[in-house]
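Enquirer: Encoded as structure tokens, here's the structure I'll be asking about.
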Amino acid sequence: MSYSWNWGVFLSPTPSGSGTYLGWLLQGLEWTLLLSLGAWVIAFVLGSLLGVLRTVPNRWLAGLAAGYVEAFRNVPLLVQLFSWYFVLPELLPRGLGDAIKQSDPLIQQFIAALLCLGCFTAARVCEQVRAGLQSLPRGQKNAALAIGLTLPQAYRYVLLPLAMRIVLPPLTSEFLNVFKNSAVASTIGLIELSRQGQQLVDYTAQPYEAFIAVTLLYVLINVCVMFGMRWVERRARLPGHREGQ
Amino acid sequence: MSMIEIEQVSKWYGQFAVLTDCTTHVNKGEVVVVCGPSGSGKSTLIRCVNGLEPIQQGTILVNGMTLTDPKTNLSKLRSHVGMVFQNFELFPHLSVFDNLTIGQIKVLGRSKDEAAARGLKMLERVGLKAQAEKYPGALSGGQQQRVAIARALAMDPICMLFDEPTSALDPEMVTEVLDVMVELATEGMTMMCVTHEMGFARKVADRVIFMDHGRIVEDAAKDDFFGTPRSERAQLFLSKILHH
Ligand SMILES: Nc1ncnc2c1ncn2[C@@H]1O[C@H](COP(=O)(O)OP(=O)(O)OP(=O)(O)O)[C@@H](O)[C@H]1O
Ligand SMILES: [Mg+2]
Chain A
1 MSYSWNWGVF LSPTPSGSGT YLGWLLQGLE WTLLLSLGAW VIAFVLGSLL
51 GVLRTVPNRW LAGLAAGYVE AFRNVPLLVQ LFSWYFVLPE LLPRGLGDAI
101 KQSDPLIQQF IAALLCLGCF TAARVCEQVR AGLQSLPRGQ KNAALAIGLT
151 LPQAYRYVLL PLAMRIVLPP LTSEFLNVFK NSAVASTIGL IELSRQGQQL
201 VDYTAQPYEA FIAVTLLYVL INVCVMFGMR WVERRARLPG HREGQ
Chain B
246 MSMIEIEQVS KWYGQFAVLT DCTTHVNKGE VVVVCGPSGS GKSTLIRCVN
296 GLEPIQQGTI LVNGMTLTDP KTNLSKLRSH VGMVFQNFEL FPHLSVFDNL
346 TIGQIKVLGR SKDEAAARGL KMLERVGLKA QAEKYPGALS GGQQQRVAIA
396 RALAMDPICM LFDEPTSALD PEMVTEVLDV MVELATEGMT MMCVTHEMGF
446 ARKVADRVIF MDHGRIVEDA AKDDFFGTPR SERAQLFLSK ILHH
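One line per chain: the protein sequences are A and B, in this order. Residues in the first sequence are numbered from 1 upward in steps of one, following this note's numbering. Residues in the second sequence are numbered from 246 upward in steps of one, following this note's numbering.
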């Protein structure tokens, strides 16, 4: 039995007649990008905030952040996703829950996946940021406070900028993980890149081409993220010297 | 009039008493040197003076404001109290210029121009105007410490705290930092300095405090201290340190 390669498959029209299979893949890519980038924004902002809270002197706030991390790190991602998608609307007040259930299913899937990935990744970002903050020499915080900065200002202008530089490499890998993890959204019906690839296989019976194309697109995302983060890393490197202006 | 008043201050880390019943004061315009063996609580005491460490007993007043009073705005108070650390603690991600202006802008609410003018003036004062655009990592230890002093001065402090400002420096850089401190002292700045530089103490100190095991063992006018310290421990300490 021999496999007959057909790379032209991507340009052939889809059963609905409008557009090509390549168009399908690009649509999937679009959802994957939208979902992952959105989730990363949530994860970065929320994770940084939680990371800060884990290091503040206030025990309640620190405990709250620690609880968040335990909850979101230890429950499997798939369970979290089902909770956001199926369970949360049931827990909300009747009117709100019904409104959600009657909205466009695509929007429902997207929002649930977005919140799920964002909150899950936030727990991981939090731990990285906390580690970065804790690795700073104690004297920096004292110096920041000693010139009269308030604690929030000390974090904003001194501690976070330093900690973020230290944890940039692990944050890069968390960022990459978001793209990989975004494939779970297919389990609640969101047709993102991996699901779109599956669909291509079902319709065209050209599995190799489809999976190779999907893989290449994921690799492309990875490469772009790596280059982007390298650039950020270069810009953020602690300068030894800056030429006079 | 007292700028800094420390009254019966005690502090514990768990069971360990770092400070026990410390009482002393620094008058306006006075230079007080604090010395004593390693681990005697000198850094802790000086950090307590601007509220970087809480105390469990006693009171500290700075310029008439009680540190332990919950109504006291600690950040505001600290902005008037300059502090210089053993390890400089410049902010490494900010240029020298930004190190000097960030507090003025964010804390004192000065305009960028005002802050820049004041910052550059202080930088000139410590002889480093040419280094404004550099980052701390590109400076020598002595230069970094002088920038740190300039950073504190740019906030127009009413008094200055120094915690072993020269002990992390290579010997050849100690003088350049001490020179700046001597100049400050002769201009009438109120200073509390933890240091083992007895030459500095001889030159500009009004009083010398000797600490041991968290207690102020000796608190004497400079001449008395270097003449004949009353406590045996201080004598021993002095003889060790002066023979170096
Ligand atoms: N956070 C802390 N927790 C527990 N013990 C501490 C802490 N900080 C300091 N100590 C202890 O308190 C004592 C006094 O410390 P401190 O740094 O004030 O001494 P020092 O006189 O400045 O010494 P050095 O000359 O070495 O700087 C030391 O024995 C130290 O081990
Ligand atoms: Mg010390």
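Even for Gly, the Cβ is constructed at its ideal location relative to N, Cα and C.
Can you look up B/M456 in the DSSP assignment and give me helix, strand or coil?
Expert: Strand at B/M456.
Enquirer: Hey, which residues come within less than 7 Å of ligand 2, measuring from Cβ to any heavy atom, in chain order?
Expert: Qualifying residues, in the order they occur: B/K287, B/S288, B/Q331, B/D408, B/E409 and B/V439.
Enquirer: Taking Cβ-Cβ distances shorter than 7 Å, what residues in chain B pair up with A/Y157?
Expert: Chain B residues near A/Y157: I347 and K351.
Enquirer: Under the three-state reduction of DSSP, which class applies to B/W257: helix, strand or coil?
Expert: Three-state DSSP puts B/W257 in a strand.
Enquirer: With DSSP as the reference, identify every bridge partner of A/E90, one or two as the case may be.
Expert: Answer is none; A/E90 lacks a bridge partner.
Enquirer: Taking 8 Å as the CB-CB limit, is B/A362 close to chain A?
Expert: Output row for B/A362: interface = no.
Enquirer: Contact check, A/F110 vs A/L190 under 8 Å by CB: the rounded distance?
Expert: That belief holds up - the Cβ atoms of A/F110 and A/L190 are roughly 6 Å apart, short of 8 Å.
Enquirer: May I have the straight-line CA-CA distance separating B/M400 from B/E428, to the nearest angstrom?
Expert: Rounded to the nearest angstrom, the two C-alpha atoms are 18 Å apart.
Enquirer: When we look at the beta-carbon of B/P402 and count the other beta-carbons within 10 Å, is it buried (16 or more) or exposed?
Expert: Per the 10 Å Cβ criterion, buried.
Enquirer: Classify B/I305 as helix, strand or coil using the three-state DSSP reduction.
Expert: Reduced to three states, the DSSP call for B/I305 is strand.
Enquirer: Is B/V329 near ligand 1, in the sense that its beta carbon is under 7 Å from a heavy atom of that ligand?
Expert: No; taking the cut-off as 7 Å, the Cβ of B/V329 has no heavy atom of ligand 1 nearer than that.
Enquirer: From B/T411 to A/V167, what does the alpha carbon distance come to, in whole angstroms?
Expert: Their Cα atoms are separated by approximately 32 Å.
Enquirer: Taking the beta carbon of A/A275 as the centre, do at least 16 other beta carbons fall within 10 Å, making it buried, or is it exposed?
Expert: With chain A covering only 1 through 245, there is no way to say anything about residue 275 of chain A.
Enquirer: At a cut of 8 Å, does the stretch 302 to 313 of chain B reach the stretch 322 to 330 of chain B through at least three beta carbon pairs?
Expert: Enough Cβ pairs lie closer than 8 Å, so yes.
Enquirer: Work out the CA separation of B/K485 and A/E127 for me, nearest whole Å.
Expert: Their backbone Cα atoms lie some 48 Å apart in a straight line.
Enquirer: Starting from the Cα of B/D415, find the closest Cα among B/S385, B/P282 and B/D266 and give me that residue.
Expert: For the residues B/S385, B/P282 and B/D266, the minimum Cα distance to B/D415 belongs to B/S385.
Enquirer: Closest to B/K467 by C-alpha separation, out of B/A479, B/Q260 and B/V278, would be which residue?
Expert: The option with the nearest alpha carbon to B/K467 is B/V278.
Enquirer: Could you confirm whether any beta carbon from chain B is found closer than 8 Å to the beta carbon of A/G51?
Expert: Not closer than 8 Å to any Cβ of chain B, the Cβ of A/G51 fails to qualify, so no.
Enquirer: If we define contact as Cβ-Cβ less than 8 Å, is B/L290 a contact residue for chain A?
Expert: B/L290 does not count as touching chain A.
Enquirer: Going along the chain, which residues of its own chain have a beta-carbon closer than 7 Å to the beta-carbon of B/E376, five neighbours each way excluded?
Expert: Checking the sequence shown, residue 376 of chain B turns out to be Gln, not Glu. Cβ within range, chain order: V341, L384 and Q388.
Enquirer: Hey, out of B/S283, B/H338 and B/I454, whose CA is closest to A/L238's CA?
Expert: Nearest option by C-alpha distance: B/H338.
Enquirer: For the stretch 390 to 461 of chain B, list the beta strand (DSSP E) runs that are entirely contained and at least 3 residues long, ordered along the chain.
Expert: Segments of the beta strand (DSSP E) lying fully in the stretch 390 to 461 of chain B: 404 to 408, 436 to 439 and 452 to 457.
Enquirer: Distance cutoff 8 Å, beta carbons only. Does B/L365 sit that close to anything in chain A?
Expert: Not an interface residue.
Enquirer: List, in order along the chain, the chain B residues whose C-beta lies closer than 7 Å to that of A/L145?
Expert: By Cβ distance, chain B contributes L297 and R323.
Enquirer: Going by the C-beta, is B/N285 closer than 7 Å to any heavy atom of ligand 1?
Expert: A small fix is needed here, since residue 285 of chain B is Ser in this sequence, not Asn. Checking the Cβ of B/S285 against ligand 1 gives yes.
Enquirer: Report the three-state DSSP secondary structure of B/V326 (helix, strand or coil).
Expert: Strand.
Enquirer: Measuring alpha carbon to alpha carbon, tell me which residue in A/I188, A/Q140 and A/N142 is nearest A/V79.
Expert: Checked all of A/I188, A/Q140 and A/N142; the closest Cα to A/V79 is A/I188.
Enquirer: So which residues of chain B does A/Q134 contact, with C-beta pairs closer than 7 Å?
Expert: Residues of chain B passing the Cβ test: none, with the nearest at roughly 17 Å.
Enquirer: Measuring CB to CB, does A/L117 end up less than 8 Å from A/L35?
Expert: Going by C-beta atoms, A/L117 is nearer than 8 Å to A/L35.
Enquirer: Can you pull the DSSP bridge partners for A/P13?
Expert: For A/P13, which the question treats as bridged, DSSP gives the partners A/T20.
Enquirer: Quick one, are the C-beta atoms of B/G274 and B/T431 less than 8 Å apart?
Expert: No, these two residues do not count as a Cβ contact at 8 Å.
Enquirer: Return the bridge partner residues of A/T150 from the DSSP annotation.
Expert: A/T150 pairs with nothing; no bridge assigned.
Enquirer: For A/K180, count neighbouring Cβ atoms within 10 angstroms of its own Cβ and tell me buried if that reaches 16, exposed if not.
Expert: So A/K180 counts as exposed.
Enquirer: Beta-carbon separation of B/E421 and B/R391 under 8 Å?
Expert: It is a contact, given that the beta carbons lie within the stated cut-off.
Enquirer: So, is B/T473 buried or exposed, given that buried needs 16 or more other C-beta atoms within 10 angstroms?
Expert: When all chains shown are included, B/T473 counts as exposed.
Enquirer: The beta strand (DSSP E) that contains B/V276, what's its start and end?
Expert: Element bounds for B/V276: V276 to C280.
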